[in-house]
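Novice: The numbering of the sequence shown is my numbering, which starts it at 927 and goes up by one.
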Amino acid sequence: MQKEKTILFLHGFYASGQCVPAMALREAFEGKAHVLTPDLPLHPHDAIRLIHEICDKEKPDVLVGNSCGSFYAQMISPVIGIPALLGNPHFKMSEFLRERIGKHQYKSPRADGKQDFTIDEQLINEFKQLEEHQFDYCNIYNKDKVWGLFGDEDTLAHFEPLFLEHYLNSYHFPGAHTPTAEQFKTWYCPLIEKLLLDDPIIEDRVR
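1. What are the residues that DSSP puts in a beta bridge with S1096?
2. Quick one: give me the first and last residue of the beta strand (DSSP E) that N992 is part of.
3. What is the DSSP secondary structure of T1112, counted as helix, strand or coil?
4. DSSP three-state label for Q1031, please.
5. Counting Cβ pairs, one atom from each stretch, are 3 or more of them under 8 Å apart for the region 949-968 and the region 1017-1031?
6. Checking the sheet assignment: what are the DSSP bridge partners for G1013?
7. From the DSSP output, in three-state form, read off F935 for me.
8. For F1043, name the three-state secondary structure that DSSP assigns.
9. Which residues mark the beginning and the end of the beta strand (DSSP E) in which L966 is found?
10. Nearest to A950 by CA position, among T1104, L1121, D1124, is which residue?
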């Protein structure tokens, strides 16, 4: 019997595992794939550590990210050897955060009930350190395994040129930085299905 496919979704900075794209993904793949939508920690090293732990345990077949989640997915995909779909990736999170220093609230519920967080210099520097090495593991074997999906009305992230310096497959959809549920189902899900069907095998895949 064929193993059920597993999708790991990585949400954006202000979001959670209960955000609109995550809910749309779970609904679209209900009965077709196992969908994981964890709440990611605020600090990037903690988030990456959690993602690796989930990957070690759950063995996902594809990573799907949005915004900051795509920033993480791009770094992790080549290391663990599975394909990824990057929705509106934000590759310069430190610049994004610097304009927003102070107290904030997550825009969707978190499992631990903690909705408040603070952006400070330490957090900005943590992201900046990662940004300097974010493409270190990009290589000829995964250039066509990481796909980008860019909203034509995105006003926050404009990184398609940088994405295309490292990867080959770029797509567009008529939406903003955070897709609606309908946009996610219409534009994201078919690409996710194709990545699952292709199931690209990378030599010496680390699972």
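Every residue gets a Cβ at the ideal spot worked out from N, C-alpha and C, and that includes glycine.
Specialist: Once the coordinates are examined:
1. When DSSP reads this structure, S1096 sits in a beta bridge with G1074.
2. Taken as a continuous stretch (DSSP letters only), the beta strand (DSSP E) holding N992 covers 988-992.
3. In this structure, T1112 counts as helix in the three-state DSSP scheme.
4. strand
5. no
6. N992, L1075
7. strand
8. strand
9. In this chain, L966 is not harboured by any beta strand (DSSP E), its DSSP state being neither H nor E.
10. T1104
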